[in-house]
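Number of protein chains: 2
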Amino acid sequence: MTGRITIVGLGPGDPRWLTPAASEALASATDLVGYGPYVGRVPEQPGQRRHVSDNRVELDRARFALDLAANGARVAVVSGGDPGVFAMAAAVFEALETGDPAWRGLDIHVEPGITAMLAAAARVGAPLGGDFCAMSLSDNLKPWEVVEKRLRAAVEADFVVALYNPISSARPWQLGAALTIVAETRGPDTPVILARAVGRPDERIRILALGEVEASLADMSTMVIIGASTTRRIVKGDGDTPYVYTPRSYGVRA
Amino acid sequence: MTGRITIVGLGPGDPRWLTPAASEALASATDLVGYGPYVGRVPEQPGQRRHVSDNRVELDRARFALDLAANGARVAVVSGGDPGVFAMAAAVFEALETGDPAWRGLDIHVEPGITAMLAAAARVGAPLGGDFCAMSLSDNLKPWEVVEKRLRAAVEADFVVALYNPISSARPWQLGAALTIVAETRGPDTPVILARAVGRPDERIRILALGEVEASLADMSTMVIIGASTTRRIVKGDGDTPYVYTPRSYGVRA
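Just so you know, the protein sequences line up as chains A and B, in that order. Under my numbering, the first residue of the first sequence carries the number 1012, and numbering increases by one thereafter. Under my numbering, the first residue of the second sequence carries the number 1012, and numbering increases by one thereafter.
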């Protein structure tokens, strides 16, 4: 087969975070496939076809992309952030595994991007400076008990925790439940970062204490980063929003 | 103060992974500060000063950079991968917190980059497609008991685990000990990715089963990704190295 698929990470919004390798992959594609707002971020190019879908049909979109490639297209599947982190890459491989065996002869690549937690962390300092976990809070694809178990394990082992997909209109209570679990172990002063739409014109970053965070402060465009017990604030000279960072060192050296 | 520091992520080796924002930050700096091989990746520019150090003096290097900025320089602290993930950003904020109070008036930014685990994951498929943890296996800055506790918690809660700094001549046994802990819970067929020097000319990626991984197969340039119980291989049409991915879904929906 001569077709090719590249699953391309656009990074989180700001085009200056799109890597040259990702730009090249987009420019050389005959077909773009993806969620409308992501495809909309790619400059239009004469002769390049754009196949836009909504955000809830990832597996169908992946199958569609594989089928296009099997018919000879050079397909770029566009993904926000990094395609491998709670985005399109896993959907494409799931479609590959369960789909037409001929698809396994396709040339499939993943082009990495800046994932939201890295951009959010960079905006406030270095909250991911120690060991950390990244979790999707969505229970659309896994039972809530799994989310709970993982979150509890992460907090008890004192990882910094980055939460993707914290809340949506269809999942209104999960973030509140997660914050309650975290508060069983972490103190009310623990820094929590709510980073909304990082790198987009409507970006808003807030640094709060765990005790004052309410789920209603987040929406589906928000990345939530919860500090470990060692995560610290540094007050700036102008008394403005502090820096937040997690030191590399932990406790007393054995 | 008029000085400025940007801690810049170069990404993992391949210049096509350097973001335009990072390129701009490097080009506009009067001074580059960093570990020699990283500074060496930045194109030389007339009039720009280069301050090169070895890799073991992160805090000294951070203080030096802050001091330069306090004297009016526009400093770029260069970091491999993403500066916020086991790299220079946390060191700069630690130096800031414990150093000259006047430094808090400086303009300090972090410019994110592609961190090694994202590039390594992209090379093989989507192994980070589910919830995952990122840990440094170095016990230079934290007691080994903390590493052990976190690793055990991560494995028991069935996170994919990405290990940074797995081994060095000064830390020869830690990776072996970590693999033993993982094998208490994960089966011998669990996919393990050893991704060495991703994006560099000497890149080498291996996909092994947990039962066949030996610590001696990794070195200090290796990123280790250990699959969760759900992480799967997909055999390619040509029977070559398989894809590895972690499905987004987990178990039966509650």
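By construction, the Cβ of each residue, glycine as well, lies at the ideal position given by its N, Cα and C atoms. Nothing here was measured: the structure is a model prediction, and the numbers come from that model.
1) Could you give the DSSP three-state label for I1237/B: helix, strand or coil?
2) Does the structure place the stretch 1135-1147 of chain A close enough to the stretch 1255-1262 of chain A that three or more beta carbon pairs sit under 8 Å?
3) Answer yes if the stretch 1125-1132 of chain A comes into contact with the stretch 1166-1180 of chain B, meaning at least three C-beta pairs across the two stretches below 8 Å, and no otherwise.
4) Verify whether the separation of the beta carbon atoms of R1061/A and V1068/A is less than 8 Å.
5) Less than 8 Å between C-beta atoms, sequence neighbours within five positions excluded: which residues of the same chain meet that for K1247/B?
6) Just grab the DSSP bridge partners of E1122/A for me.
7) With a floor of 3 residues, list each beta strand (DSSP E) that falls wholly inside the stretch 1095-1141 of chain B, ordered by position along the chain.
8) Run down chain B in chain order and give the residues with a C-beta less than 8 Å from the C-beta of T1126/A.
9) Using a Cβ cut-off of 8 Å (strictly closer), state whether A1081/A contacts chain B.
10) Any beta carbon from chain B within less than 8 Å of V1089/A's own beta carbon?
11) Could you pull the start and end residues of the beta strand (DSSP E) that V1088/B belongs to?
12) Closer than 7 Å, Cβ to Cβ, to anything on chain B: give me those residues from the stretch 1091-1112 of chain A, in chain order.
13) Please state whether DSSP places G1047/B in a helix, a strand or coil.
14) Compare the C-beta of P1202/A with all C-beta atoms of chain B and state if any pair is closer than 8 Å.
15) Helix, strand or coil for L1152/B per DSSP?
16) Could you tell me the alpha carbon to alpha carbon distance between W1184/B and L1107/B, rounded to whole angstroms?
17) Beta-carbon of E1195/B versus every beta-carbon of chain A: anything under 8 Å?
18) Compile a chain-ordered list of the residues in the stretch 1165-1195 of chain A whose CB is closer than 8 Å to at least one CB of chain B.
19) List, in order along the chain, the chain A residues whose C-beta lies closer than 7 Å to that of M1231/B?
20) Across the stretch 1092-1101 of chain B and the stretch 1015-1030 of chain B, are there enough close Cβ pairs to call them in contact, namely three or more that are closer than 8 Å?
21) Would the beta-carbon of V1224/A fall within 8 Å of that of V1203/A?
22) Does any C-beta atom of chain A lie closer than 8 Å to the C-beta of S1147/B?
23) Can you give me the Cβ contacts of T1201/B inside the same chain, cut-off strictly under 6 Å, excluding the 5 residues immediately before and after it?
24) Cα-Cα, which of R1243/A, G1022/A, D1042/A, G1262/A is closest to V1086/A?
25) Of all the alpha helix (DSSP H) runs that stay within the bounds of the stretch 1180-1246 of chain B, which reach a length of 4 or more residues?
26) State the Cα-Cα distance for the pair A1102/A and L1117/A, rounded to the nearest angstrom.
27) Would you kindly report the start and end of the unbroken alpha helix (DSSP H) that includes S1034/A?
28) Given that a residue counts as buried once 16 or more other Cβ atoms are within 10 Å of its Cβ, and exposed if not, what is E1195/B?
29) Using CA atoms only, rank isn't needed, just tell me which of P1057/A, A1036/A, A1132/A is closest to V1088/A.
30) Would you kindly report the start and end of the unbroken beta strand (DSSP E) that includes A1173/A?
31) Between which two residues does the beta strand (DSSP E) harbouring A1073/A extend?
32) List the endpoints of the continuous beta strand (DSSP E) containing R1060/B.
33) Quick one: Cα of N1151/A to Cα of V1053/B, how far?
34) Can you tell me whether N1176/B is buried or exposed, with buried defined as 16 or more other CB within 10 angstroms of its CB?
35) Suppose you measure from the CA of E1156/A to the CA of I1236/A; what does that come to, to the nearest Å?
36) Any idea which residues DSSP pairs D1042/B with across the strands?
The answer reads as follows:
1) If DSSP states are grouped into helix, strand and coil, I1237/B belongs with the strands.
2) Touching, yes, given that three or more Cβ pairs across the two stretches are closer than 8 Å.
3) Judged by Cβ distances under 8 Å, the stretch 1166-1180 of chain B makes no contact with the stretch 1125-1132 of chain A, as fewer than three pairs qualify.
4) R1061/A places its beta carbon 8 Å or farther from that of V1068/A.
5) Exclusion of the five residues before and after K1247/B leaves P1253, Y1254 as the residues of its chain whose Cβ lies within less than 8 Å of its Cβ.
6) Under DSSP, E1122/A forms a beta bridge with V1019/A.
7) If we require 3 residues or more, the beta strand (DSSP E) runs fully inside the stretch 1095-1141 of chain B come out as 1118-1122.
8) Neighbours of T1126/A on chain B, chain order: L1129.
9) Taking Cβ atoms only, chain B never reaches closer than 8 Å to A1081/A, which makes this a no.
10) By this cut-off, V1089/A is not an interface position.
11) Where V1088/B is concerned, the enclosing beta strand (DSSP E) stretches over 1085-1090.
12) Answer in chain order: D1093, G1095, V1096, A1100, A1101, A1102, F1104, E1105, L1107, E1108.
13) Correct three-state label for G1047/B: helix.
14) So, not an interface residue.
15) It is coil, neither helix nor strand.
16) Spanning the two alpha carbons is a distance of roughly 34 Å.
17) Answer no: the Cβ-Cβ gap between E1195/B and chain A never drops below 8 Å.
18) Cβ proximity to chain B below 8 Å picks out A1165, E1167, A1168, D1169, F1170 from the stretch 1165-1195 of chain A.
19) Here the premise fails: no neighbours, minimum Cβ distance about 16 Å.
20) When Cβ pairs closer than 8 Å are counted between the two stretches, the stretch 1092-1101 of chain B is seen to touch the stretch 1015-1030 of chain B, the count reaching three or more.
21) Going by C-beta atoms, V1224/A is nearer than 8 Å to V1203/A.
22) So, interface residue.
23) Hits under 6 Å: L1221, G1238.
24) Nearest C-alpha to V1086/A: D1042/A.
25) Listed in chain order, they are 1185-1196.
26) Spanning the two alpha carbons is a distance of roughly 16 Å.
27) Where S1034/A is concerned, the enclosing alpha helix (DSSP H) starts and stops at 1031-1038.
28) Classification of E1195/B: exposed, given that the 10 Å Cβ count is below 16.
29) The shortest C-alpha separation from V1088/A is found at A1036/A.
30) Where A1173/A is concerned, the enclosing beta strand (DSSP E) starts and stops at 1171-1175.
31) Note, A1073/A: premise wrong, no beta strand (DSSP E); alpha helix (DSSP H) at 1069-1081.
32) Per DSSP, R1060/B belongs to the beta strand (DSSP E) from 1060-1064.
33) Between N1151/A and V1053/B, the C-alpha separation is close to 44 Å.
34) Here N1176/B is buried, its C-beta having at least 16 other C-beta atoms within 10 Å.
35) If I take the Cα positions, the gap works out to 21 Å.
36) Answer is R1060/B, V1086/B, bridged to D1042/B.
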